[in-house]
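Participant:
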Amino acid sequence: MLETELRPGAARVWAVPGPEEDGRSGAGQLPRAVGQMLALAGWVGEGRQLTTTGQLLRADARELVALLGTGGNEAGAGPAAALRGVQVLLAWAHLAGLVATDGPWLGPGRAAARLREDPGTLRDALFAAVPRLEDSRCGWQSIRLHLEGSADFSAGLGALWRRLCTGPLTEEEAAQVVWDELTGRHHVEERQPEGLTSWKVVVARDVARALALYEAVGAVRAEDGCVALTGYGRERQPMVARHG
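In the working numbering, the protein residues as written are 1372 to 1615.
1) Tell me the DSSP secondary structure of W1476 in three-state form.
2) Report the rounded CA-to-CA distance for L1553 versus P1502, giving the unit in angstroms.
3) Is L1427 near W1463, with beta carbons less than 8 Å apart?
4) Suppose you measure from the CA of T1423 to the CA of T1472; what does that come to, to the nearest Å?
5) Pick out whichever of D1577, E1594 and Q1458 has its Cα sitting closest to the Cα of S1513.
6) Can you tell me whether Q1608 is buried or exposed, with buried defined as 16 or more other CB within 10 angstroms of its CB?
7) Can you give me the C-alpha to C-alpha distance between A1599 and L1401, rounded to a whole angstrom?
8) Thinking just about the alpha-carbon of each residue, which of F1498, A1526 and A1432 is nearest to the one in A1587?
9) What do you get for T1601, buried or exposed, if any count of 16 or more other CB atoms within 10 angstroms of its CB means buried?
10) Among A1546, R1494 and E1542, which one has its Cα closest to the Cα of G1596?
11) On the DSSP letters alone, give me the boundaries of the alpha helix (DSSP H) that V1645 sits inside.
12) Express the C-alpha separation of V1459 and G1478 in angstroms, rounding to a whole number.
13) Could you tell me whether the Cβ atoms of L1469 and G1480 are closer together than 8 Å?
14) Going by C-alpha distance, which of W1414, G1491 and M1408 is nearest L1466?
15) Go ahead and pull the three-state DSSP assignment for Q1547.
16) State the Cα-Cα distance for the pair P1490 and A1496, rounded to the nearest angstrom.
17) Cα-Cα, which of Q1420, Y1603 and A1412 is closest to P1475?
Spelled out as structure tokens, the structure:
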């Protein structure tokens, strides 16, 4: 399991577990994220009531924590982390087209039937959706850098993937690759307002979160303190999602 925060003394384990295998959709167990998404789609069924603000009902949130296994038993994975894990999976499922929200109603997404019938296609859709997790509660805080002419976080993931194709990296090295891609034309730390979490820490946290999602879908694996591409991951490249 990859960590979400790289600051000394403040590490917290990300709530989305890693994969069980390296294949696509034929033999053996599917990656953990695919199983979680199939379970989520089954739970949603024909639809579930949300609050008036479009949030999960409290009882439903607790049920999903247990169903999707986001509670965990690692240090730091308390109730807030477990709920955040559910929120991330829901956001991820929305982007993949597995579920959709219509006001106070959570129902099947436009591609739900096809994705549920073909776990390999679901896996591909989840992989493609990772760079687009922009929501401030669930996704990449790095987009708040707002540097004129700077690359999007997804471009940093593309650079990271190209580097991983040459061999494994430590998490710190992976974060540095993305940082260099995002800030190559800027002296970022010199421009940061006082009192904010270091932008370099924010980027490192986002990289760890992205790698945890890629691990959950079976595109990377953690081994001997490093991150490496799996066979599945070597055949793919993250999509670059330009933001308006």
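For every residue, glycine included, the Cβ atom is placed at its ideal position computed from N, Cα and C.
Facilitator: Walking through what the data contain:
1) As a position in the sequence shown, residue 1476 is number 105, starting the count at 1. Three-state result, W1476: strand.
2) Stepping through the sequence shown from its first residue, residue 1553 is reached at position 182. Stepping through the sequence shown from its first residue, residue 1502 is reached at position 131. Going from the Cα of L1553 to the Cα of P1502 covers about 14 Å.
3) Looking up residue 1427 in the sequence shown gives position 56. Looking up residue 1463 in the sequence shown gives position 92. Against a cut-off of 8 Å, the Cβ pair of W1463 and L1427 comes out as no contact.
4) One-based indexing of the sequence shown puts residue 1423 at position 52. One-based indexing of the sequence shown puts residue 1472 at position 101. Using only the alpha carbons, I get a separation of about 12 Å.
5) Position 142 of the sequence shown, counting from 1, holds the residue named residue 1513. Here the closest residue by C-alpha is D1577.
6) Locating residue 1608 in the sequence shown gives position 237, where the first residue counts as 1. Answer is exposed; the Cβ neighbour count stays below 16.
7) In the sequence shown, the residue the question calls residue 1599 occupies position 228. In the sequence shown, the residue the question calls residue 1401 occupies position 30. Note on geometry: alpha-carbon atoms of A1599 and L1401 lie some 19 Å from one another.
8) The residue you call residue 1587 lines up with position 216 of the sequence shown. Closest in alpha carbon position to A1587, among F1498, A1526 and A1432, is F1498.
9) Looking up residue 1601 in the sequence shown gives position 230. With 16 or more other Cβ atoms within 10 Å, it is buried.
10) Working through the sequence shown from its first residue, we reach residue 1596 at position 225. It is E1542 whose Cα lies nearest to the Cα of G1596.
11) A question about residue 1645 goes unanswered here, because the residues of the chain that appear run from 1372 up to 1615.
12) Taking the first residue of the sequence shown as 1, we reach residue 1478 at position 107. Taking the first residue of the sequence shown as 1, we reach residue 1459 at position 88. Their backbone Cα atoms lie some 17 Å apart in a straight line.
13) Counting from one through the sequence shown, the residue named residue 1469 turns up at place 98. Counting from one through the sequence shown, the residue named residue 1480 turns up at place 109. Yes, the pair counts as a contact, with Cβ atoms nearer than the cut-off.
14) Counted from its first residue, the sequence shown places residue 1466 at position 95. Checking every option, the nearest Cα to that of L1466 belongs to M1408.
15) As a first step, residue 1547 is located in the sequence shown; it is residue number 176 there, counting from the start. Helix at Q1547.
16) The residue labelled residue 1490 in the question sits at position 119 within the sequence shown. The residue labelled residue 1496 in the question sits at position 125 within the sequence shown. Each residue's alpha carbon lies about 10 Å from the other.
17) Walking along the sequence shown from the start, residue 1475 turns up at place 104. Nearest of Q1420, Y1603 and A1412 to P1475, Cα basis: Q1420.
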